[in-house]
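One structure is given here, and the rest of the page talks about it.
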Amino acid sequence: MLASSLRNRPHRHVAASLLVGLEAPLRVQIAGHWVRSPLVWVAPDVEQALESPGPVAVLHLDPDDGAWRGLPVQGPGGALPESRLPGFREALTGLREQPEVEAVRALRERLRAAAPPLDPRVAGACQSLRREDLDSARLASAAGLSESRFRHLFREQVGVSLKRFQLHLKCQRALRLWRDGMSFAELAGAAGFYDQPHLNRTLRAMFDALPSRYARAFPVQVVHLDRL
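Each residue of the sequence shown is one higher than the last, beginning at 1 in full-length UniProt numbering.
See the structure below:
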């Protein structure tokens, strides 16, 4: 996501974040502590808040994505020396141009190549959940494990609970499906939420915003690397 400026309150989403100040350093609150840097990373499911008076790029990486697991960092988050991701900031600065999308993709593939593999039972479950909303009993059965053992293995491998990961995928679905003029009740049903209040609570907790804010409140460009 690219924005001319961005300021949000503490929130906690499941994806890892790479935050880049395109013209000036960012101020990012990570688990209650402030960091000031042009390039900041935040681990999955860690509370964060962002203050950027100027242009900013936000790259979200799913917790099961090798691009996150191959990133050379440890802990909840912090400033990231640009030497660890050479050329990354420059690629994001020019992300509005198609060739620069390829540069970001190339970096992501390098990180994926360096990542330790997920347990194939967990990797298979993540792939299945992206196709359809399955309960833990079916996922555990497919993995040949008890529910409790599967949930433990999932959290151990991915770094977040199965329930949080499932909510994350529903949020992705909602943000992908939302169109101007669509009611939140329709969106909630299409994305797999219980009802509109459940959708609203989840999106505010994870993103400090509803989908309409990103379209109406400030100029934003959303770039889906997997769809270009």
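All residues carry an ideal CB built from backbone N, CA and C; glycine is no exception.
Just so it is clear, the structure is predicted and the values come from calculations on it, not from any experiment.
Can you tell which of G32, D208, V14, L107 has the C-alpha that lies nearest to the C-alpha of G159?
If you number the sequence shown from 1, residue 159 lands on position 159. In terms of Cα proximity to G159, the closest of G32, D208, V14, L107 is V14.
Compare the C-alpha of Q157 against each of C171, P120, A137, K170 and name the closest.
Position 157 of the sequence shown, counted from the start, is the residue given in the question as residue 157. The residue with the shortest Cα to Cα distance from Q157 is P120.
What is the rounded straight-line gap between the Cα of L169 and the Cα of A188?
Counting from 1 along the sequence shown, the entry for residue 169 is found at position 169. Counting from 1 along the sequence shown, the entry for residue 188 is found at position 188. Here the alpha carbon of L169 sits roughly 13 Å from the alpha carbon of A188.
Given S161, which residues of its chain have a CB within under 8 Å of its CB, disregarding the five upstream and five downstream residues?
On the sequence shown, position 161 is the one that residue 161 refers to. The answer, listed in chain order, is R151, F154, R155.
For E51, I'd like the list of residues in its chain whose CB is within less than 6 Å of its CB, leaving aside the five on either flank, ordered along the chain.
For the purposes of this step, residue 51 is identified with residue 51 of the sequence shown, where counting begins at 1. Same-chain partners within the cutoff: R7, R27.
E18 vs W34 beta-carbon contact at 7 Å:
The residue you call residue 18 lines up with position 18 of the sequence shown. The residue you call residue 34 lines up with position 34 of the sequence shown. It should be pointed out that residue 18 corresponds to Leu in this sequence rather than to Glu. Not closer than 7 Å, so no.
With DSSP collapsed to three states, give me the class of H11.
The residue given as residue 11 occupies position 11 in the sequence shown. When secondary structure is reduced to three states using DSSP, H11 falls in the strand class.
Excluding the 5 residues preceding and the 5 following V20 in the sequence, name in chain order all residues of the same chain whose CB lies nearer than 6 Å to its CB.
Residue numbering aside, residue 20 sits at position 20 when the sequence shown is read from its first letter. For V20, same chain residues with a beta-carbon under 6 Å away, outside a window of 5 residues either side, are L39, A57, R89, L92 in chain order.
Cβ neighbours of S37 in the same chain (closer than 6 Å, five flanking residues each side left out):
The residue labelled residue 37 in the question sits at position 37 within the sequence shown. Scanning its chain for C-beta atoms nearer than 6 Å, with the 5 sequence neighbours on each side dropped, one finds around S37 the residues P25, A79, in chain order.
On the DSSP bridge assignment, give the partners of E51 in chain order.
By 1-based counting over the sequence shown, the position of residue 51 is 51. In the DSSP secondary-structure assignment, E51 is bridged to R7, R27.
For the beta strand (DSSP E) holding W34, just list the boundary residues, first then last.
Here residue 34 is taken as the residue at index 34 of the sequence shown, counted from 1. Taken as a continuous stretch (DSSP letters only), the beta strand (DSSP E) holding W34 covers 33–37.
Return helix, strand or coil for V58, following the three-state DSSP convention.
By one-based count along the sequence shown, residue 58 stands at place 58. In the structure shown, V58 sits in a strand (DSSP, three-state: E or B).
Element boundaries [beta strand (DSSP E), containing S17]:
Here the question's residue 17 lines up with position 17 in the sequence shown. Its beta strand (DSSP E) spans residues 16–21.
Straight-line CA distance for P99 to R105?
On the sequence shown, position 99 is the one that residue 99 refers to. On the sequence shown, position 105 is the one that residue 105 refers to. Its pLDDT being 46, under 50, P99 is placed unreliably in this model, and the coordinates cannot settle the point.
Segments of 4+ residues assigned as alpha helix (DSSP H) that fall wholly inside the region 90–174:
Here the runs fully enclosed are 98–114, 120–131, 136–143, 147–158.
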